[in-house]
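Numbering-wise, our numbering comes out as the position in the sequence shown, counting from 1, plus 4.
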Amino acid sequence: MMVVLSAAALTSVAALTFTSMRSFLLQRTDEQLDLVRLPIGAKLAGEQIKEPPREVQHSLVNVYGILRGPDGRFGQETRFGGGVSSADRPVLEDLPVIGEPKSVEGHAGVRYRLAAYPAFGPLQGTLYVAMPLTDVDATLDRLFVLVVVITSAVLVALLAFALSLVRMGLRPLDKMEATATAIASGEFHRRIAYVDKTTEVGRLGLALNTMLGRIEDALDQRSRSEQRLRTFVADASHELRTPLTSILGYAQMFRRGAAADPDDLRTVMRRIEDESSRMARLVEDLLVLARLDDGRPPRCAEVDVAALCRDAVLDARLHEPGRVISGPGDEPVLVVADADQVRQVLANLLRNAVTHTPPGTPVDVRLTKSGDEVAIDVVDHGPGIPAEYHERVFDRFFRVAAGRERDSGGAGLGLSIAAAVVSAHGGQISVLDTPGGGATFRVVLSGRT
Numbered sequence: 005m006m007v008v009l010s011a012a013a014l015t016s017v018a019a020l021t022f023t024s025m026r027s028f029l030l031q032r033t034d035e036q037l038d039l040v041r042l043p044i045g046a047k048l049a050g051e052q053i054k055e056p057p058r059e060v061q062h063s064l065v066n067v068y069g070i071l072r073g074p075d076g077r078f079g080q081e082t083r084f085g086g087g088v089s090s091a092d093r094p095v096l097e098d099l100p101v102i103g104e105p106k107s108v109e110g111h112a113g114v115r116y117r118l119a120a121y122p123a124f125g126p127l128q129g130t131l132y133v134a135m136p137l138t139d140v141d142a143t144l145d146r147l148f149v150l151v152v153v154i155t156s157a158v159l160v161a162l163l164a165f166a167l168s169l170v171r172m173g174l175r176p177l178d179k180m181e182a183t184a185t186a187i188a189s190g191e192f193h194r195r196i197a198y199v200d201k202t203t204e205v206g207r208l209g210l211a212l213n214t215m216l217g218r219i220e221d222a223l224d225q226r227s228r229s230e231q232r233l234r235t236f237v238a239d240a241s242h243e244l245r246t247p248l249t250s251i252l253g254y255a256q257m258f259r260r261g262a263a264a265d266p267d268d269l270r271t272v273m274r275r276i277e278d279e280s281s282r283m284a285r286l287v288e289d290l291l292v293l294a295r296l297d298d299g300r301p302p303r304c305a306e307v308d309v310a311a312l313c314r315d316a317v318l319d320a321r322l323h324e325p326g327r328v329i330s331g332p333g334d335e336p337v338l339v340v341a342d343a344d345q346v347r348q349v350l351a352n353l354l355r356n357a358v359t360h361t362p363p364g365t366p367v368d369v370r371l372t373k374s375g376d377e378v379a380i381d382v383v384d385h386g387p388g389i390p391a392e393y394h395e396r397v398f399d400r401f402f403r404v405a406a407g408r409e410r411d412s413g414g415a416g417l418g419l420s421i422a423a424a425v426v427s428a429h430g431g432q433i434s435v436l437d438t439p440g441g442g443a444t445f446r447v448v449l450s451g452r453t
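If you want it as structure tokens, here you go:
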């Protein structure tokens, strides 16, 4: 577009220059005709012509004059610089009016500037004076060639400059294309190097880099999710296979005659019931995790978390009557949460504490309010959890292989469920070392309404 506008501007300037020069040269010729009309008229009248002024002498060369009488007929004619022949005169057909000179053709192909003047002295009629335009046409021809050459050269230079600018501007796009090709082939870490914010291409590159970063993060997240899903399915299959194998084994014992002995029958049926209950709990935990993974928002309301803690402590005491389990006081502590899900978190944390600590180990549930946040600490004084497992302890089916493992251990989903519930509430869950030994699980929830 810039080249087109420049070409139009240059063409306009060239045309204006040529037209202005043509007008100037014709105007100067008309002035010369005014100077030579008196000598021409005197010569036609037969008067003796004195030496003309110096400024007129040059103009008198090849000047042609002719008189047209009042009756419209052409009469006397003359020329300075030689006689007059039919091939050396203008075509007297389209005659100008007085005061309006015009360019006409000549019989020999030479153009003339022809002007009309009133006859003077003894002459009567109209005096026509003509001057050849040979020099004017030659000057205009040279000017035309010069203007065309200069304009063409400037246009070519502009075109070359524009093409170089375009190539320079497209060079970052070529790099973007190469980067996009590399990304399409699987090199998702590649980024566009040209990110100059002051140019449109640079801003495009910056936007593409941002988009590529988000796409890479999304792909990494999807890959991690797929890996977690594969691990989850494998672990779930393994956990379900154990009780199913036990149930199948006891059923085969029953088929082979264990029912004949009442004691054996009771043992077989009890074990089948225990393994069925274990499998039912595992399936229920998996369903809870599936619902939490769906992203369904919890039904939050203002609840007294202190009362929920006291209820959870009472339930834990019923299952562990020989263990000291203490809870918070009667002062209400309000949080915005789903009461049922908070109960499940507390139950899972207390079950984890009593399961993975020796019998008789005390467990404490403490509440701490700080600003708009409420911290729930479930503190045990057992063997604790090694620091390298603090992050992984909330992974699904993860078990610490140290002294916290007991025969009654679950499938390793309780802490995963607790972490998912807390995350759905916008809170935080972490594990800390208890001073003097043991593990402290801390849940932080918001107390704002």
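The C-beta atom is built at its ideal place from N, Cα and C for all residues, glycine as well.
Simplified DSSP state of GLN128, which is helix, strand or coil: coil
Element boundaries [alpha helix (DSSP H), containing PRO302]: That residue, PRO302, is in no alpha helix (DSSP H); it is neither H nor E in DSSP.
Contact with chain C by LEU322, beta-carbon distance below 8 Å: Here there is only one protein chain, and chain C is not present.
Those residues which DSSP pairs with VAL133 across a bridge: GLY69 and ALA119
Close-in-space but distant-in-sequence residues of the same chain around LEU293 (CB under 8 Å, 5 per side omitted): ARG400, LEU417, SER420, ILE421 and ALA424
ILE433 burial status per 10 Å Cβ neighbour count (16 or more: buried): buried
Three-pair Cβ contact test at 8 Å for the region 30 to 50 versus the region 115 to 125: yes
Segments assigned beta strand (DSSP E), at least 3 residues, entirely inside the region 350 to 397: If we require 3 residues or more, the beta strand (DSSP E) runs fully inside the region 350 to 397 come out as 367 to 374 and 377 to 384.
Other residues of its chain near GLY326: CB distance less than 7 Å, five sequence neighbours each side excluded: PRO363 and GLY364
Inter-residue CB distance, ARG314 and PRO332 (contact presumed, cutoff 8 Å): 7 Å
Buried/exposed call for GLN345, threshold 16 Cβ in 10 Å: Burial is judged here by how many other beta carbons sit within 10 angstroms of a residue's own beta carbon; GLN345 has at least 16 and is buried.
8 Å contact criterion, which ASP342 and PRO302 should meet: CB distance rounded: 4 Å
Cβ-based burial, ASP139 [other Cβ within 10 Å; buried from 16]: exposed
The region 201 to 209 touching the region 160 to 170, judged by at least three CB pairs closer than 8 Å: no
Collapsed DSSP secondary structure at GLY479 in the structure displayed: Residue coverage of the chain in this structure runs from 5 to 453, which leaves residue 479 outside it and unanswerable.
Assigned secondary structure, PHE165 (DSSP; H/G/I helix, E/B strand, else coil): In this structure, PHE165 counts as helix in the three-state DSSP scheme.
Selection from GLY206, LEU338, LEU223 and VAL160 that minimises the alpha carbon distance to ILE187: The shortest CA-to-CA distance from ILE187 to any of GLY206, LEU338, LEU223 and VAL160 is the one to LEU223.
Reference PHE124; option with closest CA among VAL153, GLY73, GLU395 and PHE84: GLY73
Closest Cα partner of ASP98 within the set LEU354, GLN128 and TYR132: TYR132
Three-state class that DSSP yields for ASP308 in the structure shown: Three-state result, ASP308: strand.
Residue range of the alpha helix (DSSP H) that includes SER420: 418 to 428
Own chain partners of GLU279 with C-beta closer than 7 Å, once the 5 adjacent residues on each side are dropped: These residues qualify, in order along the chain: PRO247, SER250 and ILE251.
Contacts around ARG195, its chain only, beta-carbon distance under 6 Å, and the 5 residues preceding and following it disregarded: ASN213
Contact belief for HIS385 with GLY440 at Cβ below 8 Å, rounded distance in angstroms: The distance from the Cβ of HIS385 to that of GLY440 is about 7 Å, consistent with a contact at the 8 Å cut-off.
Proximity to GLN80 [Cα-Cα], best of ARG300, GLN128, ILE219 and VAL317: GLN128
Beta-carbon separation (whole angstroms), VAL397 vs VAL426, contact threshold 8 Å: Actually they do not touch by this definition, with Cβ atoms about 14 Å apart.
Other residues of its chain near GLY407: CB distance less than 7 Å, five sequence neighbours each side excluded: In this prediction, GLY407 has a pLDDT of 43, which is less than 50 and means its spatial position is unreliable; what the coordinates show is noted afterwards. Closer than 7 Å at the Cβ level, and outside the excluded window around GLY407, lie PRO387.
Assigned secondary structure, LEU99 (DSSP; H/G/I helix, E/B strand, else coil): Taken through DSSP and simplified to helix, strand or coil, LEU99 comes out as coil.
Contact set for PRO460: own chain, Cβ-Cβ below 8 Å, skip 5 residues either direction: There is simply no residue 460 to check, as the chain begins at 5 and stops at 453 in what is shown.
Three-state class that DSSP yields for PRO332 in the structure shown: coil
Pick from ALA112, ARG260, ALA142 and LEU354 that is closest to LEU30, judged by C-alpha positions: ALA142
Cα-Cα separation, THR438 to ILE389: 10 Å
Closest Cα partner of ARG274 within the set ASP289, GLU288, LEU286 and MET257: The candidate whose alpha carbon is nearest that of ARG274 is MET257.
Residue from ARG300, ALA310, LEU9 and VAL237 with nearest C-alpha to VAL287: VAL237
Sequence-distant residues of its chain with Cβ nearer than 7 Å to LEU436 (five each side left out): THR444 and ARG446
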